[in-house]
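In the working numbering, the protein residues as written are 461 to 639. This report concerns only the one structure given below.
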C-alpha cells in the first residue's frame with residue numbers, strides 16, 4: 461500500500477517473522493532529483509521508535525531515504541552481509557545483543573559503514589564509550605529533530621569516508637612509523 465508522508469508518497473512492504481520485523485520503505489526522488497537516497501538500516505526492536513525515526517526523516521523534503529528496519533541484531537548482520545547500506549541507526553538494547561556488544565558485532569561485519577547509536581538512556585559514560593568504540597554519534601531517543609538527525613547522518617557518512625581514505629593512505633605509504 462501507499463502512505464502519504466508530508467506530500468510525499470512511499471511504498472511499504474512488511475515481512476514479519478518470529479519476534480522481529482523487516483520493513484522497507486522507499487521515498488520518491490527528492491525535489492531536486494540530485495541526491496541519491498541514503499540507504500539507512502534501523503536496528504530497533506520497538507516498532508514505535510522505528511516509526512518515529514521514519515516520521516522525523518520524512519519531514520525533510522530534500523533528504524531522500526530508503527529505510528530498512530530490523531528488530532534483532534542477527535537480522536542486521538544478515539542484512540549488512542547482503543545489502544548495500546550507507547548508515548546504521550542502532551539501538552544498544554536488543555533481544556539478541558546488549559550494550560556495546562551489538563556495536564562490535566556490526567563493525568566486525570561492516571567496518572566501513574558508519575553506525576549511529578540510538579538509546580533511551582541519557583548516559584554520558586555509555587555515550588562516550590560508544591564513540592570510543594567506533595560509533596559516529598550517540599543520540600537519545602525523543603530528543604532528536606529533523607535537522608539534527610539529517611545532519612548527523614550526512615556528517616557520519618562523510619566522516620567514515622574520510623576515515624577510510626586516511627586508513628588507505630596510511631596502509632599504502634611505505635615507511636610510515638606509528639607512535
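A virtual CB, placed ideally from N, CA and C, is assigned to each residue, including glycine. What you are looking at is a predicted structure, and each value in this text was computed from that prediction instead of being measured.
- Looking at the DSSP output, residue 500 sits in a beta bridge with 527, 547.
- Contact holds between the stretch 567-580 and the stretch 596-606, because three or more Cβ pairs, one in each stretch, are under 8 Å apart.
- Of the residues assessed, residue 596 falls on the buried side of the cut-off, its CB having 16 or more other CB atoms within 10 angstroms.
- Within the DSSP secondary-structure output, residue 564 pairs in no beta bridge.
- Burial of residue 498 is indicated by the presence of at least 16 other C-beta atoms within 10 angstroms of its C-beta.
- Residue pairing by DSSP places residue 542 in no beta bridge whatsoever.
- In the DSSP assignment, residue 598 forms a beta bridge with 577.
- Look at residue 554 here: in three-state DSSP terms it is strand.
- Residue state for residue 505 is assigned as coil, using DSSP reduced to three classes.
- Measuring C-alpha to C-alpha distances from residue 568 to each of 533, 585, 554, 584 identifies 533 as the nearest.
- Counting along the chain, the unbroken alpha helix (DSSP H) around residue 613 starts and ends at 606-632.
- Here DSSP, grouped into helix, strand and coil, assigns residue 534 to helix.
- A straight-line Cα-Cα distance of about 43 Å links residue 506 and residue 632.
- Sixteen is the threshold: when 16 or more other Cβ atoms of the shown chains lie within 10 Å of the Cβ of residue 616, as they do, the residue is buried.
- Per DSSP, residue 589 is one residue of the alpha helix (DSSP H) stretching across 584-592.
- Around the Cβ of residue 585, a 10 Å sphere holds fewer than 16 other Cβ atoms; the residue is exposed.
- Out of 512, 541, 511, 629, the CA that lies nearest to the CA of residue 571 is found in 541.
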